[in-house]
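Numbering (full-length UniProt numbering), first residue to last: 1 to 138.
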């Protein structure tokens, strides 16, 4: 916040009120559209539901534990899961911790945290758009 205040302090500007009906740019952004969405996309998986139903009748699972799918040792499948949770427009390229939390709610495999860390660290989009945690050299 202080950074923004110091940035604005460098400029001399005047804020003027403009009624909503005259401010067409803000009007288009802030007002509720006069139409309803015809289709809202949802993410569903019938395979996940079948696996969940099979676990419900399994004597070796703990009903108190969150139901998660144990992913077999298949690198393509693991990368596909990480892609779905990290790279899709709905997921938003979250960081390592948020991506791990999202993946670990539904899936588990050995060294999952390490997989997520490597995947997020090597994400080309994140490397281009996210700022570096280190200060830039003067």
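Cβ coordinates follow ideal geometry from the N, Cα and C atoms, glycine included.
Predicted model, so just to flag it, every value in this text is computed and none were measured.
Contact belief for residue i with residue j at Cβ below 8 Å, rounded distance in angstroms
i	j	result
residue 125	residue 93	6 Å
residue 15	residue 48	Their Cβ separation, rounded to whole angstroms, is 51 Å, which puts residue 15 and residue 48 out of contact at 8 Å.
residue 90	residue 103	No, residue 90 and residue 103 are not in contact; Cβ-Cβ is about 14 Å, not under 8 Å.
residue 113	residue 82	Not confirmed; about 12 Å, so no contact.
Among the options, the one whose alpha carbon lies nearest that of residue i
i	options	result
residue 106	130, 22, 52	52
residue 85	6, 101, 71	101
residue 50	88, 81, 67	67
residue 110	12, 131, 75, 127	75
Local Cβ density within 10 Å of residue i, reported as buried at 16 or more and exposed below that
i	result
residue 17	exposed
residue 78	buried
Along the chain, which unbroken stretches of the alpha helix (DSSP H) at least 4 residues long are found entirely within the stretch 32 to 102?
-> 46 to 56, 75 to 86
Can we say the stretch 88 to 97 touches the stretch 56 to 63, given the rule of at least three CB pairs closer than 8 Å?
-> no
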